[in-house]
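First residue of the sequence shown? That's 34 in our numbering, and the numbers climb one at a time after it.
Where a beta carbon is used, it is the ideal one built from N, C-alpha and C, also for glycine.
Below is one structure, written out as structure tokens; the observations come after it.
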Amino acid sequence: MKPFPRAEIRLGALTHNLRQLKTLAPESRVLAIVKANAYGHGLLNVARHLDGEADGFGVARLEEALALRKGGVKGRVLLLGGFFIAEDLPTLVEHKIDTVVHHESQLEMLEQVQLDTPVNVWLKVDSGMHRLGFVAENFDAAYQRLLQCPNVASAVQLMTHFSRADEPEQKYTEYQLKVFDDLTATLPGDRSIANSAGTLFWPASRRDWIRPGIALYGISPMTGDVGSNHGLQPAMELKSRLIAVRDHKSGQPVGYGGYWHASRDTRVGVVAIGYGDGYPRNAPEGTPVWVNGRRVPVVGRVSMDMLTVDLGPDAADAVGDDVLLWGEALPLEEVAEHVGTIAYELMTTLMVRVAVCFE
Ligand SMILES: *Cc1c(COP(=O)(O)O)cnc(C)c1O
Numbered sequence: 034m035k036p037f038p039r040a041e042i043r044l045g046a047l048t049h050n051l052r053q054l055k056t057l058a059p060e061s062r063v064l065a066i067v068k069a070n071a072y073g074h075g076l077l078n079v080a081r082h083l084d085g086e087a088d089g090f091g092v093a094r095l096e097e098a099l100a101l102r103k104g105g106v107k108g109r110v111l112l113l114g115g116f117f118i119a120e121d122l123p124t125l126v127e128h129k130i131d132t133v134v135h136h137e138s139q140l141e142m143l144e145q146v147q148l149d150t151p152v153n154v155w156l157k158v159d160s161g162m163h164r165l166g167f168v169a170e171n172f173d174a175a176y177q178r179l180l181q182c183p184n185v186a187s188a189v190q191l192m193t194h195f196s197r198a199d200e201p202e203q204k205y206t207e208y209q210l211k212v213f214d215d216l217t218a219t220l221p222g223d224r225s226i227a228n229s230a231g232t233l234f235w236p237a238s239r240r241d242w243i244r245p246g247i248a249l250y251g252i253s254p255m256t257g258d259v260g261s262n263h264g265l266q267p268a269m270e271l272k273s274r275l276i277a278v279r280d281h282k283s284g285q286p287v288g289y290g291g292y293w294h295a296s297r298d299t300r301v302g303v304v305a306i307g308y309g310d311g312y313p314r315n316a317p318e319g320t321p322v323w324v325n326g327r328r329v330p331v332v333g334r335v336s337m338d339m340l341t342v343d344l345g346p347d348a349a350d351a352v353g354d355d356v357l358l359w360g361e362a363l364p365l366e367e368v369a370e371h372v373g374t375i376a377y378e379l380m381t382t383l384m385v386r387v388a389v390c391f392e
């Protein structure tokens with residue numbers, strides 16, 4: 034018997050999505066973003082599968098980068114948040130890991146350290162996110178310091194990150210592009226701007242390297258949209274099964290707090306997944322769950338190990354039947370909207386209790 038709950042990862046969908054994004058940006062190389070355990074899909078399995086097909090990988094933490102190298106991943110690896118302490122710099126060199134430089138403190142560490150080989154640096158422009166990166170006034174000085182630093186490989190690569198690219202009507206993305214281009218137009222080195230939303234919605238942002246994350250996993254970054262609108266396939270199917278099917282009388286409550294009362298005699302199904310697996314506890318009544326070819330609503334409170342659904346008075350569903358929480362038949366984007374969060378959060382907060390299976 035297959036374990037449940039389980040996240041079935043379709044490696045073929047990852048390849049498909051990567052190729053789909055390459056069709057959109059044929060001139061760009063692809064830095065596949067695999068931070069946060071490849072958005073919950075399994076860091077090493079995803080990266081090994083895409084190694085070669087993607088030109089490199091983006092991660093947030095040094096531990097993630099080292100896991101890729103220890104796992105035999107050959108492609109370029111970029112530390113998106115940069116290094117945090119000087120002691121990490123020799124490690125970057127040893128394992129051929131590129132780093133983002135986004136802050137003055139990193140320039141100082143680079144200038145003071147002794148390295149055998151220079152490290153490959155992506156200088157980050159703060160074009161409007163105002164989180165990481167050098168603002169226009171400080172950019173030239175930072176760039177010159179990197180050029181002069183013997184611990185930094187030439188050429189310095191250039192990057193920035195969008196804050197509102199998932200809003201195609203928003204002028205702010207055009208503003209960010211202009212800030213970046215005004216600062217970097219005359220400089221050598223590769224450029225990287227586009228995340229998934231940039232890649233999908235802002236053709237002008239597809240430069241030497243695109244950095245898709247969520248789209249690689251088949252999910253749209255835009256509210257009200259789904260990946261299939263862009264020819265993407267969801268890579269994760271979150272599945273469990275019915276562990277009880279019960280006759281439920283009109284007026285009876287279900288679950289902790291007794292929040293929901295049936296308005297008619299019905300059948301209630303109990304699904305073996307809960308917030309202890311990472312299914313959101315705040316999923317409200319009506320959040321869809323896919324059972325035997327139809328959507329049925331969550332009713333009552335999601336508990337730690339299970340949740341309850343209203344299967345309807347005539348339901349023929351039985352204990353042991355498969356349940357899909359999200360996947361191809363039930364888009365994660367739709368579930369996230371019911372819950373009042375984003376698909377990113379739901380896929381990255383699955384717990385270790387969920388078995389991850391690769392197909
Ligand atoms: C996470 C991240 C991405 C990928 O973002 P998506 O919206 O998932 O495509 C790209 N660039 C940087 C710097 C990131 O931190």
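| Query | Result |
| --- | --- |
| CA-to-CA distance, Tyr72 to Thr132, given in whole angstroms | 20 Å |
| Rounded C-alpha distance that separates Ala218 from Ser61 | 18 Å |
| Ligand 1 heavy atom lying under 7 Å from the CB of Arg62 | no |
| Distance CB(Ala268)-CB(Ala58) smaller than 8 Å | no |
| Cβ-heavy atom distance, His135 to ligand 1, below 7 Å | no |
| Pro267 beta carbon near ligand 1 (any heavy atom closer than 7 Å) | no |
| C-beta atoms of Ile252 and Gly260 nearer than 8 Å | yes |
| Rounded separation between Ala174 and Val389 - CA only | 47 Å |
| Proximity below 8 Å, CB of Val287 to CB of Val332 | yes |
| Heavy atom of ligand 1 within 7 Å of Arg239 beta-carbon | no |
| Proximity to Ser160 [Cα-Cα], best of Arg197, Lys129, Leu140 and Leu77 | Arg197 |
| Burial state of Thr150, where buried means 16 or more other Cβ atoms lie within 10 Å | exposed |
| Asp298 versus Asp280: straight-line alpha-carbon distance, rounded | 8 Å |
| Ile276 - DSSP class collapsed to helix/strand/coil | strand |
| Ala93 vs Ala69 beta-carbon contact at 8 Å | yes |
| C-beta contact flag for Ala80 and Ile130 at 8 Å | no |
| Segments assigned beta strand (DSSP E), at least 3 residues, entirely inside the stretch 145-176 | 154-157 |
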